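Here numbering that gives the first Met the number 0 is used: the first residue of the sequence shown is 0, the next is one more, and so on. Don't be surprised by glycine CBs; every beta carbon is placed ideally from N, CA and C. From a predicted model like this one, the values you see are computed outputs, not experimental measurements.
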Amino acid sequence: MEQISKPAGLASLVIALDGTAGSGKSSASRDVALRLRLRYLDTGAMYRAMTWHLLTQGVDLDDLDAVASSATEAEIVSGTEALRPTITLGGVDVSVEIRSDETTAAVSQVSAVPRVRQLLTALQRSVIGPGGIVVEGRDIGTVVAPDADLKVYLVADPAARAERRVAELTAAHERDVVSVEADLLRRDAFDSTRAAAPLSAASDAVVLDSTYLSLDEVVDEIVRLALERAQS
Ligand code: DC
């Protein structure tokens, strides 16, 4: 992949990349970070790590006080190297566990809890720090980094998203497109209608529809916008 030498403005640039599940956010964010030699933060992985923490602690997810109190004890650390992003919980690598069906099924419920969002938003802001980073999530442009230099909101047709998701799954997790699409839509509906920081495009976000674009085309467009912002 061709890398671009860093213009001065890129060193402190913050790119917020939000969008629905399966919109191609993760691949696009990582590739943009690699091309521009920026750091990369996957905030969905943090919500997943928090969910894994609560599940392994046996916390009743319907008991908001118990969730809030256990959440404060989770030690989540995200490595921001785009080539090899890491996520640890209490010092232990949980990159496989956070992608389990169990975690995926519970993560929307956990991420709707205000105390969880408060803790993870603070953690995300501390990682963003001086900038030079691509941050992907659901509420980055609206809540976590409202002053981001570039906000992109990625959307795609649900059937296209489901097909991409199925293609990503390993043989051990083989699923059919129809059931994956139903899951994506269920999660989108939940994430978009929760009271705390619902999934929505910031008013100043560039909305990019990736349905008919290749990953490279999406990345090219975001890189072009980022270089424009870095130089302005
Ligand atoms: O991007 P993902 O599918 O790994 O995200 C997992 C869940 O985390 C998703 O259902 C919504 C939630 N999430 C969130 O509420 N806010 C974020 N900034 C990132 C993810």
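Assign residue i to one of two classes, buried (16 or more other C-beta atoms within 10 Å of its C-beta) or exposed (fewer than that).
| i | result |
| --- | --- |
| Q56 | exposed |
| Q232 | A query on residue 232 cannot be resolved here, the shown segment of the chain reaching from 0 to 231 and no further. |
| G89 | exposed |
| Y211 | exposed |
| L82 | exposed |
| T192 | exposed |
| P113 | exposed |
| S68 | exposed |
| L214 | exposed |
| A38 | In the sequence as presented, Ala is not what sits at residue 38; that position holds Arg. Buried. |
| V179 | buried |
| S11 | exposed |
| S209 | buried |
| R185 | exposed |
| S110 | buried |
| R174 | exposed |
| D17 | buried |
| D190 | buried |
Any heavy atom of the ligand DC closer than 7 Å to the beta-carbon of residue i?
| i | result |
| --- | --- |
| S26 | no |
| I86 | no |
| S22 | no |
| V95 | no |
| S107 | yes |
| I139 | yes |
| S110 | yes |
| R47 | yes |
| T42 | yes |
| D219 | no |
| D30 | no |
| R186 | yes |
| D190 | yes |
| G8 | no |
| A136 | It is Gly, not Ala, that sits at residue 136 in the sequence shown. G136: yes, Cβ under 7 Å from the ligand DC. |
Would you mind working out which of the options sits nearest residue i, comparing C-alpha positions?
| i | options | result |
| --- | --- | --- |
| L40 | A158, D156, E135 and V177 | E135 |
| A158 | A181, R124 and V126 | A181 |
| E80 | A195, L149, V31 and A200 | V31 |
| T42 | D100, V115 and I221 | V115 |
| E162 | L9, L224, S22 and I132 | S22 |
| K150 | E96, G8, A10 and I14 | I14 |
| R29 | I221, A20, R124 and A201 | I221 |
| T120 | T141, T102, S107 and V106 | T141 |
| R34 | D219, R228 and E227 | D219 |
| D148 | T87, E216, L53 and A201 | A201 |
| L118 | A225, R36 and A48 | A48 |
| S107 | V58, D187, R223 and D138 | D187 |
| A194 | L122, E227 and D138 | D138 |
Exercise for the section: Within the region 65–135, note down every full beta strand (DSSP E) run reaching 3 residues or more, in order along the chain. Expected result: Counting only runs of 3 or more, we get 75–78 and 85–88.
Practice task
Pick out the complete beta strand (DSSP E) segments inside the region 184–214, 3 residues or longer, and give them in chain order.
Solution key: 205–208
Practice task
Specify whether the region 144–157 and the region 71–79 touch according to this definition: at least 3 beta carbon pairs, one from each stretch, less than 8 Å apart.
Solution key: no
Problem - Length at least 4, wholly inside the region 32–59: the alpha helix (DSSP H) runs in chain order - result: 42–55
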